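Notes follow the structure.
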Amino acid sequence: MLSVIFDVSVSTIKDEMHACIPIFEETYSRLIHWPSLDEWQDLQGGWGKLPFAVGAIDGTSTEIYRPITEPQEQYYSGHRQYHCIHTQVVISNEGRICYVECGFLGHQNDAQQYMLMRNIGQQLPFPDELFLLGDKIYPNRHPVLTAYTRQQIVRKPRNMQRKCRKLNRLITHYRVKVEHAIGELKHYKVMGTLWRHPRQRLTSVVTICAAFVCRRKDLFT
Numbered sequence: 009m010l011s012v013i014f015d016v017s018v019s020t021i022k023d024e025m026h027a028c029i030p031i032f033e034e035t036y037s038r039l040i041h042w043p044s045l046d047e048w049q050d051l052q053g054g055w056g057k058l059p060f061a062v063g064a065i066d067g068t069s070t071e072i073y074r075p076i077t078e079p080q081e082q083y084y085s086g087h088r089q090y091h092c093i094h095t096q097v098v099i100s101n102e103g104r105i106c107y108v109e110c111g112f113l114g115h116q117n118d119a120q121q122y123m124l125m126r127n128i129g130q131q132l133p134f135p136d137e138l139f140l141l142g143d144k145i146y147p148n149r150h151p152v153l154t155a156y157t158r159q160q161i162v163r164k165p166r167n168m169q170r171k172c173r174k175l176n177r178l179i180t181h182y183r184v185k186v187e188h189a190i191g192e193l194k195h196y197k198v199m200g201t202l203w204r205h206p207r208q209r210l211t212s213v214v215t216i217c218a219a220f221v222c223r224r225k226d227l228f229t
């Protein structure tokens, strides 16, 4: 379509679009906003039965071609059964993407990726008394709150086991929002299909897709 509008070849349009990716990233990444401490505080109570949970964190993966010049095992996910690059996504309890970080190697699980991220609480300001919901693989320490494992529940007194299971159900229920946010990212098919371009561009493209999701939320909510 663009090649028709500008009356140039498709390859020329592709070259121009690739050259514009850094410009798009710089312009649109501003739409991905990490809340201030006061803004996080204002989100308290958004998830009524877990009033101190103000957001959630989860990961997603983008399949890549098998590396030729690099160690393949670094990029292979045994869980996914393919070579990939991972992305971590943080949302607020309003469902807005607050942070994305892409570039984690395929062999790294969510907990390992989390340890390599910018530190939430230090580099990314976050209140001491509030929490982000994560699944069981994340480290269960502030600012991430995870569900109890089956082994942990069994070790609890019987009168506490019911409360633990109830908390688990609530965490699962509210964490659906981060899954929906990742689903919105994957509306851009580049996020959910085999990445066929130079790998170093993926981080920029993921950031742009996340910014587009934020822009759509601003326009339609």
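Under our numbering, residues 9 to 229 are what the sequence shown spells out, in order.
From the three backbone atoms N, C-alpha and C, an ideal C-beta is built for every residue, glycine too.
Every value quoted in this text rests on a predicted model; they were computed, and no experiment measured them.
In terms of DSSP beta bridges, what is H94 paired with? For the purposes of this step, residue 94 is identified with residue 86 of the sequence shown, where counting begins at 1. For H94, the beta-bridge partners assigned by DSSP are S69, F112.
So the candidates are R88, V213, K171; which of them puts its Cα closest to the Cα of A27? As a working note, residue 27 is residue 19 in the sequence shown. When the alpha-carbon of A27 is set against those of R88, V213, K171, the nearest one is in V213.
Taking the C-alpha atoms as reference points, what is the distance between A61 and S11? Locating residue 61 in the sequence shown gives position 53, where the first residue counts as 1. Locating residue 11 in the sequence shown gives position 3, where the first residue counts as 1. Distance between the alpha carbons of A61 and S11 is about 48 angstroms.
Do S69 and S44 have their C-beta atoms closer together than 8 angstroms? Reading the sequence shown from its first residue, position 61 is the one you call residue 69. Reading the sequence shown from its first residue, position 36 is the one you call residue 44. In terms of Cβ geometry, S69 and S44 do not form a close pair [threshold 8 angstroms].
Can you give the beta carbon distance from I179 to L141, rounded, assuming they're within the 8 angstroms contact cut? As a working note, residue 179 is residue 171 in the sequence shown. As a working note, residue 141 is residue 133 in the sequence shown. Right, the Cβ-Cβ distance comes to about 5 angstroms (below 8 angstroms), so this counts as a contact.
How many Å lie between Y156 and D23 at the Cα? Walking along the sequence shown from the start, residue 156 turns up at place 148. Walking along the sequence shown from the start, residue 23 turns up at place 15. Computed Cα separation, rounded: 50 angstroms.
A155, DSSP secondary structure in three states: Looking up residue 155 in the sequence shown gives position 147. The answer is coil: DSSP assigns A155 none of H, G, I, E or B.
Compare the C-alpha of G302 against each of G129, R204, V186 and name the closest. Any question about residue 302 goes unanswered here, given that the chain covers just 9 to 229.
Can you name, in chain order, every residue of its own chain whose Cβ lies under 7 angstroms from the Cβ of C222, other than the five neighbours on each side? Residue numbering aside, residue 222 sits at position 214 when the sequence shown is read from its first letter. Close CB contacts of C222 within its chain, under the 7 angstroms cut and outside five residues either way in sequence, are with L39, I40, R104, I105 (chain order).
Once the 5 residues before and after V152 are set aside, which same chain residues still bring their CB inside 6 angstroms of it? As a working mapping, residue 152 is identified with position 144 in the sequence shown. Within its own chain, the residues whose Cβ lies closer than 6 angstroms to the Cβ of V152, once the five positions on either side in sequence are excluded, are L140, G142, Y146, listed in chain order.
For L140, list the residues DSSP reports as bridge partners. Stepping through the sequence shown from its first residue, residue 140 is reached at position 132. Bridge partners of L140: G63, V152.
In this structure, how does DSSP classify I29 when only helix, strand and coil are distinguished? What you label residue 29 is simply residue 21 of the sequence shown in a count that begins at 1. DSSP places I29 in helix when its eight states are reduced to three.
What did DSSP end up calling L10 once you bin it into helix, strand or coil? As a first step, residue 10 is located in the sequence shown; it is residue number 2 there, counting from the start. L10 falls in the helix class under three-state DSSP.
State yes or no: is the C-beta of M199 within less than 8 angstroms of the C-beta of C217? Position 191 of the sequence shown, counted from the start, is the residue given in the question as residue 199. Position 209 of the sequence shown, counted from the start, is the residue given in the question as residue 217. Going by C-beta atoms, M199 is nearer than 8 angstroms to C217.
Within 10 Å of its beta-carbon, does T154 have 16 or more other beta-carbons around it, so buried, or fewer, so exposed? Counting from 1 along the sequence shown, the entry for residue 154 is found at position 146. Buried: at least 16 other Cβ atoms inside 10 Å.
Can you check which of these residues, Q49, I29, I13, is closest to P135 by C-alpha distance? Here residue 135 refers to the residue found at position 127 of the sequence shown. Closest option to P135, Cα to Cα, is Q49.
DSSP three-state call for S44: helix, strand or coil? Reading the sequence shown from its first residue, position 36 is the one you call residue 44. DSSP places S44 in coil when its eight states are reduced to three.
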